[in-house]
Amino acid sequence: MAKYVYNFGTEVTDGDATMRNLLGGKGANLAEMAKIGLPVPAGFTITTEVCTYFYANGQQYPPELKAQVDKAMADIEKTMGKKFGDTKDLPLLVSCRSGARDSMPGMMDTVLNIGLNDKTVEVLAKKSNDERFAWDCYRRFIQMYGRVVLDMKPLTKEDHDPFEDLLEAKKKKAGVKDDSDLKAEHLKELVKEFKDAVKKQTGHDFPEDPMEQVWGGIGAVFGSWMNDRAIVYRRMHGIPHDWGTAVNVQAMVFGNMGDDCATGVAFTRNGATGAKGITGDYLINAQGEDVVAGIRTPDHIEETLAKKMPKCWEEFSKVAMILENHYKDIQDVEFTIERQKLWMLQTRNAKRTGFAHVRSAVDMVNEGLITPEMAIARIPANDLTQLLQPVFGGEGLKGKTSIAKGINAGPGAASGQIYFQPDEAEAVWQKDNNAKIILVRHETTPEDLRGMKVARGILTSTGGAASHAALVSRQMGKACVCGCDSISIDYKAETVTAGGKTYNKGDWISVDGFSGNVYEGQVPTSPSEVLQVLFDKTLKPQDAPMYQCFHQLMSWSDRYRKLGVRANADNPQESEQAIALGAQGIGLTRTEHMFFDHIDDFRAMILADNVKDREKALAPLLEHQRRDFEGIFRAMAGRPVTIRLLDPPLHEFVPHEAKDQEALAKKLGIPAVKVAQRVKELGEFNPMLGHRGCRLGIVYPEITRMQATAICQAAVNVLKDGIDCHPEIMIPLAGNATEFRHQEDAVREAARKVFQEAGVTADYLVGTMIELPRACITADKIAENAEFFSFGTNDLTQTGLGISRDDYGTYINEYQELDIFPADPFQTLDQEGVGELMEIAVKKGTRTRPDIKLGICGEHGGDPASVKFCHKVGLHYVSCSPLRLPVARLAAAQAAIAEKKEKAACKGSSCCSSSCKCCCCCKCGCGCGC
Ligand code: PEP
Ligand code: MG
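Under this note's numbering, the first residue of the sequence shown is numbered 1311, with each subsequent residue one higher.
Below, the structure is given as structure tokens:
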């Protein structure tokens, strides 16, 4: 017979911590605590399989369940020495709580004090010698049961909560302020009024039968798996909807039976900082939800429990340490003290900040509690970005409410004055380098780069996580909230409206790139300790404890990872920062960013009528580019540097406003109409599929020649100074081997000339970005000439999915709401589609050229799940914006450790079948075809 019910804390405990898939986290840990001898009130867990059954069978239970629940209830009665529904002696009461595989705090429902009715409440009052306590439990029970089981909770903000209305009226009539001031007779009246309200709203009497109450509780908890907030939470945290929740039914113990009782929640280490020592809140003479409900201000456990209940504190501290040592992780526990006896109601691995993650993991390795491998595996790689950014938090956010929310696109938090025009922002900054600017735009384009550079933060109303604003701000390490479609920007009036209020140019706002929230006014930030040591050198490592933990974690990660890490960087300063954060090379230099520093020269080139004039206009650009490349090569000191030739369509570089066109015409000494005409010619319907990438170099080979010459001359100059240098020249957007060969010829010809003239030869490679499905499918042909592939997964996602990264922000939310996309494909690689294309390219490319260098330089190179995928398909390195390097290093180490574990668990060829996808079969060449 299928087993659906698992006991804990009774004579025999059936489950343990390894069974969280079946028992949920709470159930598995209650069983584990009982198994290791900790004081857990007896109870049982109904498995997650019942939840699955419940939803697959029109909200019915498996037929075997009833008998198993009846037996388990009898087991609780036996262990606790009380009877459920007892009308003579102190009755057993139970709670009914949810518990999914991954904790979903507060998302599902709970019912407490089940078993109370008009008779048992009298016995409880008599036997506890506390009439008020008994009737308070009863009124809470009816209120909770009414809301959760009988669906009496208000559905909208405007709806009245019948129970709250009655409670308020009662307090008013009794002339008291707090619930706790109501006397037993008031509570008795309230119970009657609550029951009348139930009858009125549901048409039925409140159930008096304790077992009917239990089943009501069980049904409500299973039902709450599909409530809206639980669904939204699962979506946000990637928890599959088909996991289901378990239900835990457990004997109630009371923290509200007098001043020798208490209830509380605690962390075994600080969840915000990771510092050692118990922290937590508790209340004397209170029940569970009072601690979090804010009705009374709780005491700090670490400060007063030792004084108020010394024996309980001693026992609690011991239990907390037993749990931390047992689980080898920070525990978040719930407990109740009933008449000086400690009961543990829950333990789970604590949710914590990135700071607490790093500090506690490193401390625990140093304490000998865990290994470096365990430390690496447990830290969510994305959380490392918190250590590198100024942050909003704690006191600073008190009293602030968000005025808008967009996509949390660029790391960090920033406050500043609103500016709408990039050139005005730049002018403001030029006058005052300390100016704090938030650039507010519908969207940004490469033309806005100067304004973006001087801004502390960027806010856009359109565009998603791989929009220009997001991508550039991440590379620059700037706070960015994009795709914030609830704001309305009026460039003409120089206003932005958010949260029903209009803000003018110069007003202060704050953007939080971690949460996507926008706030009015200034929110104070604290600077990153790690960057003070590594970038600013304003702190010494020995004075920076957080930096020391970070450094330790990074050294362990570097020891385990197999993937190389590179940075996307466009100038010497970014290159230096990348090295400080562990870059082993540059995976992408977007050369067009340099052109924006010399925009007039570049525009002259675009406006030239013929090759000769274009070459003439390119001459000063050659100088600029050579200098720029030299700076990067010197900063990178021999590490490989991948430089992409010009990629964006030319219209991105020309002015579109008539007044700007006139100014340019004046500068170049040509008629304004000619500029306007050329801008019109360059316009494209579909710029992402337009005249860009290698298509530009093919039509204007002189641009490719100039760029290759600049790269090779820079390499020669650097080599002459005794600095090693390894340029990798990258052709963008090649979909055909013929396109690649055309550009390769131009590059090699320019290189040959430079080296011949200089008498010095640099070691360089010519390779391509793989950004088009055709490039993946014909990778074997492209690899005949290309010495490396770098997956440009931003474009590969655009072209693979047929979605433009510039406007997908308008519908991606709906796609995620409807679970059509599990994640934003521009943030986390679509492994099933784009990933498959990459695998094809890897296989075909290596078949032609076994030693071909393989990397990724799209935004996904800094996304943990995508980094793990890159490890799996056998890339050699990932490249990402400098501030995401620590994330990539950690994620790469996690991938290597997970693979090692998988291999150790894998039975090798004995588990192979033709569909086997296990790690060793994929890589062992066993011929299983996976
Ligand atoms: C890419 O397409 O992944 C890429 C890195 O190029 P860009 O984002 O500059 O188009
Ligand atoms: Mg691209």
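From the three backbone atoms N, C-alpha and C, an ideal C-beta is built for every residue, glycine too.
query = In the DSSP assignment, what residue or residues form a beta bridge with GLU1884?
reply = Bridge partners of GLU1884: none, in fact.
key: Sufficient close CB pairs (3 or more, under 8 Å) joining the region 1677 to 1692 to the region 2199 to 2218   = yes
query = Who are the near neighbours of GLY1335 in its chain, counting only those whose CB is closer than 8 Å to its CB and skipping five residues on each side?
reply = Excluding sequence neighbours, GLY1335 sits near GLY1409, ALA1410, ARG1411, ASP1412, SER1413, ARG1658.
task = With DSSP collapsed to three states, give me the class of GLN1370.
result = coil
query = Distance, Cα to Cα, ARG1913 vs VAL1964?
reply = 6 Å
message = Can you check which of these residues, GLY1533, ALA2208, GLN2141, is closest to MET1417 by C-alpha distance?
response = GLY1533
ask   = When DSSP labels each residue in this structure, what does GLY1604 get in the three-state scheme?
value = Model confidence at GLY1604 stands at a pLDDT of 48, short of 50, so the residue's coordinates are unreliable; what they give is reported in the following sentence. In this structure, GLY1604 counts as coil in the three-state DSSP scheme.
Rounded C-alpha distance that separates GLY2155 from GLY2045 = 14 Å
query = What distance in whole Å lies between the Cβ atoms of VAL1404 and VAL1559, which are believed to be in contact at a cut-off of 8 Å?
reply = 5 Å
query = Does any heavy atom of the ligand MG sit closer than 6 Å to the C-beta of ASP1822?
reply = no
inquiry  = On a Cα-Cα basis, can you pick out the residue from ASP1970, HIS1961, LYS1977 that is closest to VAL1989?
reply    = HIS1961
task = Mind the definition here: the region 1667 to 1676 touches the region 1645 to 1656 only if three or more C-beta pairs lie below 8 Å; say whether that holds.
result = The region 1667 to 1676, when compared against the region 1645 to 1656, does not touch it at the 8 Å Cβ threshold.
inquiry  = Looking at the ligand MG, does it come within less than 6 Å of ASP2105, judged from the CB to the closest heavy atom?
reply    = yes
request  = May I ask you to list the residues that DSSP assigns as paired with MET1654?
outcome  = PHE1645
inquiry  = With H, G and I counted as helix, E and B as strand and the rest as coil, what does DSSP make of ARG1876?
reply    = strand
request  = Report back the beta-carbon spacing between HIS1496 and ALA1484 to the nearest angstrom; my notes put them in contact at under 8 Å.
outcome  = 5 Å
key: Those runs of the alpha helix (DSSP H) which lie wholly inside the region 1404 to 1479 and span at least 4 residues   = 1430 to 1438, 1441 to 1458
query = Going by the CB atoms, is the gap between LEU2193 and LEU1698 shorter than 7 Å?
reply = yes
inquiry  = Just to confirm, is the Cβ distance from LEU2164 to LEU2195 under 7 Å?
reply    = no
query = Are the region 2140 to 2156 and the region 2023 to 2030 touching, with three or more C-beta to C-beta distances below 8 Å?
reply = no
request  = Within the same chain, show all residues whose beta-carbon is closer than 7 Å to that of GLN1887, passing over the 5 residues directly before and after it, in chain order.
outcome  = PHE1845, PRO2192
key: Assigned exposure category for GLY1513 - 16 Cβ within 10 Å defines buried   = Exposed is the call here.
inquiry  = Can you check which of these residues, GLU1599, LEU1615, PHE1577, is closest to LYS1661 by C-alpha distance?
reply    = PHE1577
query = Whole beta strand (DSSP E) runs in the region 2143 to 2220 with 3 or more residues, listed along the chain?
reply = 2163 to 2166, 2187 to 2190
ask   = Can you find a heavy atom of the ligand MG that lies under 6 Å from the Cβ of GLU1994?
value = Not under cutoff, so the answer is no.
task = Using the Cα positions of ILE2130 and GLY2112, report the straight-line distance between them to the nearest angstrom.
result = 15 Å
request  = Name the two residues that bound the continuous beta strand (DSSP E) containing ALA1714.
outcome  = Segment 1712 to 1715, the beta strand (DSSP E) holding ALA1714.
query = If you draw a straight line from the alpha carbon of ALA2175 to that of THR1805, how long is it in whole angstroms?
reply = ALA2175 and THR1805: Cα-Cα distance of roughly 39 Å.
query = GLY1773 to ILE1747, Cα distance in whole Å?
reply = 20 Å
task = Select from PHE1504, CYS1361, THR1555, ALA1377 the residue whose C-alpha is nearest the C-alpha of ASN1427.
result = PHE1504
ask   = Whose CA, out of ARG1544, PHE1939, VAL1983, VAL1921, lies closest to the CA of PRO1415?
value = ARG1544
key: Sequence-distant residues of the same chain with beta carbon closer than 7 Å to VAL2197, five excluded per side   = ALA1691, ASN1692, LEU1694, THR1695, GLY2172, PRO2174
ask   = What are the start and end residues of the alpha helix (DSSP H) that includes MET1856?
value = 1855 to 1870
ask   = Is the number of C-beta pairs between the region 1589 to 1600 and the region 1560 to 1569 that are closer than 8 Å three or more?
value = yes
message = In this structure, how does DSSP classify GLN2108 when only helix, strand and coil are distinguished?
response = Looking at GLN2108 - three-state DSSP - the assignment turns out to be helix.
ask   = VAL1764: which of TYR1729, THR1362, ALA2089, SER1798 sits nearest, CA to CA?
value = Relative to the Cα of VAL1764, the nearest Cα in the group TYR1729, THR1362, ALA2089, SER1798 belongs to TYR1729.
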